[in-house]
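Contents: one structure, followed by commentary.
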């Protein structure tokens, strides 16, 4: 940053010297343009350096590792013997890895569905005028602000078999007679982490959809009302089409967030019982850091990366507005 | 000069206590205080060599968590520091299920602690990281007097890499005497008796038995006595002996005699905690629990009894895995630290020290002569353990670095079967294919 | 809609519905706070108490003793992440919005893609890469790793903000003879104050709440943020729920404070970063 400062400080002098010389106008323009370019690049330097070091390098290294045969004997060195496709073959053959991929799809689909339905309902609710809506709206984002591991731990506490608030409430109300094994029953545990993740993600959906709903012009709503459209029709035919771009982006980001979920599951179930809640992220962590098969972990990471990046073109397409706006805004 | 006086003084009082220890050697259950004495006496002898006032901090990592183990280490560390001015021992506790991971993470960063107490099945893996100091190259190392199976745990490519921490151990069936009496059940000796006893002992408030089924080595270790005694071998885990043994565990869970929550339970402290809280009438566990039990006023013959792990067919010879940890020294600290770390573990290998530590840890001493002294003093609660530990089966025998991967396949199968995600046979077949791949690779 | 809104019964119904939603949303937080004042015995008793059964400060005493260093660590990491995000993002966002550079489209696209990359993918590699550049077990290492959440997000949010700054402001400064750097520092940054605060708040929360990088790039003893401290209590099997609850309560404090102090920045950041970015 200091370098940026000094070099730019010299610039005004150049400019002053060339000022007034009519013949130097062309040169001056060129200098200004070059100065503009140089300053822009210097402003970008830290960001480019950071992206190369913190994103590009690890991703390349991860691809490298996925083709290496790693073991405790090689963990102290930067490279390991070439392994061909062995790690990928392992991932495809390993029952836990395959289950983790399936769980990830189930978990992501379920989360998005739940988060969208509840989030949209709440967003609609908050567009209505009623006492307490402002405070309600500001408090609803609390889950989004908590550290994810804390959320995991809280739900682990609430979903305990004995003495867990959820079971106690259900039994008090009389909905169930026996305590439910939320976390230790492998058939239920995936549902439990799903519930926790929906709780976690709803505020995000609510807030984004709410702000989109706010942007729907009042005249449009009133016009629809005049046409005698019922609430459901109004929503489906008028409002949803208008906010569709936001819905798309929200679902896309929701997908990206959910496919990455790690902390929550680690805090809640640790991938158990019997790997029933093992997601790609948690199992990849397990392969790399618990079993020290970094090669296998890296291969699974790449599966996840490909899965997440499938969205990238779609995301770029949806964000094209912001990409384009960069074109015409020179100084 | 003042330093010297202080040391002289403290060793004087300790010398007095040491005599007291010898007089009441048999009453070593209250040995916490006297431990300090013997330590100082032993360590004191070697202090001349290290009077140089260089500052060295030795970090030590382990998973010991019983009161006896904690006190034993704390006292030894204190005494060692007193005898070696300028040396600080920093103990780092890591839960059992995390220690192997932590050690390898640190190895990856060339950042291992100076001293490692490694679970014996993991010793070969640690050696292959290339960051362990071969102890047999250091002055004063000797294998003389040790049970060969124990000292060989750290033998690799003609060099020895470890000393036992406090000896060896194994597991057996511990039961709650009042509960069994009240239910008119006698301690089970066969699988059939185990099933019916566990059922009879189960009430709405407690389970018949606490199993250990967490995703870690202690689950495999708990399974091994049932599996090996029944004639099983890992190479053929999906054949009859394995299926029968896992079906037994599965039945205990299906009957409701064992809690499904065992999928999250470690052997110690989780299962022990269930047993002590009266939430489980039986558990398979080891003698390191004695200090904990005694501290809670549970005594052998009154509150708890011990029988060997039950067998499927009467007359089967009980085979248990050989348990215990080994001291290893990493090369992360440089020469001076390595030498000091070696002094640290060597100080524990003298007969008197070994006896003390074994008592507090609840282990069987690793030297034959010391074990004999120990047996002469040991109470009746030790009988089962002593009889079987001397013939226990080392887990890495013939498997070496492959054992941890095999063990993982086994505990994964156990978890899958008990949780109901897979049938017993399907779970073991999955494990079979994984183990076959590991053995081939 | 307005017709419906006039009915008081309906408005009451709306309030009740919102209240029900809030109860579900806030209950877990409430449970932690109640739990943090319970004795561990009560927490183990197999009964859930809706109000503290036998209130005690024991958990807080335990946690303050064991975790106050970790809270400090988390503060340093959170602040460090905020500083890193600002240092990298403010100039970059400025360049990407106000300079005509050939790299802009490529860079903005890659920032969008960076937001998608799962942390575990980075963590596994960073763990090994960091060992070779001696960044493991260090604050700079953890902060650089935590920046992977904050940096792309911050650039995109700030960039959206800079678009709203009229170019004339900068033009005027240049005419007055200010250099590019002076324009940026004296004119642009002060104008962007609110966006900068938004970004800093989010970056802080990212650093404070990070768990996965703390778990992976801190391999040894020494630096331990509070998120890792909580996890260690869980790893001990005989889960000390009292201590877990009290440390969870500590970990929630910044969220609470920021919710009160920086409410509007949070709402802006959430929407701006996602939709407009």
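Chains as they are written, first to last, in the numbering used here: chain A, 3 to 333; chain B, 95 to 535; chain C, 15 to 291.
Positions of the beta carbon are idealized from the N, C-alpha and C atoms, including for glycine.
Note that the structure is predicted; figures quoted are calculated from it, not measured.
Check: Pairwise C-alpha distance: residue 114/A and residue 257/A; Outcome: 7 Å
Check: C-beta atoms of residue 117/A and residue 207/A nearer than 7 Å; Outcome: yes
Check: Residue 151/B, buried or exposed, once every other Cβ within 10 Å from all chains shown has been counted against 16; Outcome: exposed
Check: Contact under 7 Å by Cβ, residue 515/B with residue 188/A; Outcome: yes
Check: Proximal residues of chain A, C-beta to C-beta of residue 273/C below 9 Å; Outcome: 140, 141, 143, 144 and 147
Check: With 16 other Cβ atoms within 10 Å as the buried cut-off, status of residue 21/C; Outcome: exposed
Check: Runs of beta strand (DSSP E) wholly within the segment 321-388 of chain B (minimum 3 residues, chain order); Outcome: 374-379
Check: Residue 518/B vs residue 340/B beta-carbon contact at 7 Å; Outcome: yes
Check: Local Cβ density within 10 Å of residue 241/A, reported as buried at 16 or more and exposed below that; Outcome: buried
Check: Cα-Cα separation, residue 128/B to residue 172/B; Outcome: Unreliable positioning characterises residue 128/B in this predicted model, as indicated by a pLDDT of 42, which lies under 50. The coordinate reading is nonetheless provided below. Between residue 128/B and residue 172/B, the C-alpha separation is close to 14 Å.
Check: Interface positions of the segment 162-178 of chain A facing chain C (Cβ-Cβ less than 7 Å), listed along the chain; Outcome: 164, 165, 166, 167 and 170
Check: Residues that residue 575/B contacts on chain A, provided the C-beta gap is smaller than 8 Å; Outcome: Only positions 95 to 535 of chain B appear in this structure, which leaves residue 575/B out of reach.
Check: Under 8 Å from the C-beta of residue 142/C: neighbouring residues of chain B; Outcome: 202
Check: Distance, residue 512/B Cα to residue 404/B Cα; Outcome: 20 Å
Check: Residue-chain proximity (residue 194/C, chain A), Cβ-Cβ < 7 Å; Outcome: yes
Check: Residue interval of the alpha helix (DSSP H) (run including residue 433/B); Outcome: 429-440
Check: Residue-chain proximity (residue 225/C, chain A), Cβ-Cβ < 7 Å; Outcome: yes
Check: According to DSSP, residues forming a beta bridge with residue 270/B; Outcome: 398/B
Check: Partner residues on chain B for residue 77/A, Cβ-Cβ distance less than 7 Å; Outcome: 198, 201, 202 and 223
Check: Cβ neighbours of residue 146/A in the same chain (closer than 6 Å, five flanking residues each side left out); Outcome: 205 and 206
Check: Buried or exposed (CB count within 10 angstroms, at least 16 for buried), residue 275/B; Outcome: exposed
Check: Neighbour flag for residue 21/C against chain A, beta carbons, 7 Å; Outcome: no
Check: Extent of the continuous beta strand (DSSP E) run through residue 210/B; Outcome: 209-213
Check: Sequence-distant residues of the same chain with beta carbon closer than 8 Å to residue 423/B, five excluded per side; Outcome: 208, 209, 210, 226, 227, 229, 432, 435, 436 and 439
Check: Residue 108/C, enclosing alpha helix (DSSP H) - first and last residue; Outcome: 72-112
Check: Coarse secondary structure for residue 233/B, derived from DSSP in three states; Outcome: coil
Check: Limits of the beta strand (DSSP E) - the one that residue 422/B falls within; Outcome: 419-423
Check: Outcome for residue 170/B when other beta-carbon atoms lying within 10 angstroms are tallied against a minimum of 16; Outcome: buried
Check: First through last residue of the beta strand (DSSP E) which encompasses residue 455/B; Outcome: That residue, residue 455/B, is in no beta strand (DSSP E); its alpha helix (DSSP H) goes 445-455.
Check: 7 Å Cβ cutoff, residue 524/B in contact with chain A; Outcome: yes
Check: Beta carbon proximity, residue 276/A to chain B, threshold 7 Å; Outcome: yes
Check: Where residue 279/A falls: helix, strand or coil (DSSP); Outcome: coil
Check: 7 Å Cβ cutoff, residue 172/C in contact with chain A; Outcome: no
Check: Simplified DSSP assignment, three categories, for residue 302/B; Outcome: strand
Check: DSSP beta-bridge partners of residue 186/B; Outcome: 155/B
Check: 7 Å Cβ cutoff, residue 67/C in contact with chain B; Outcome: no
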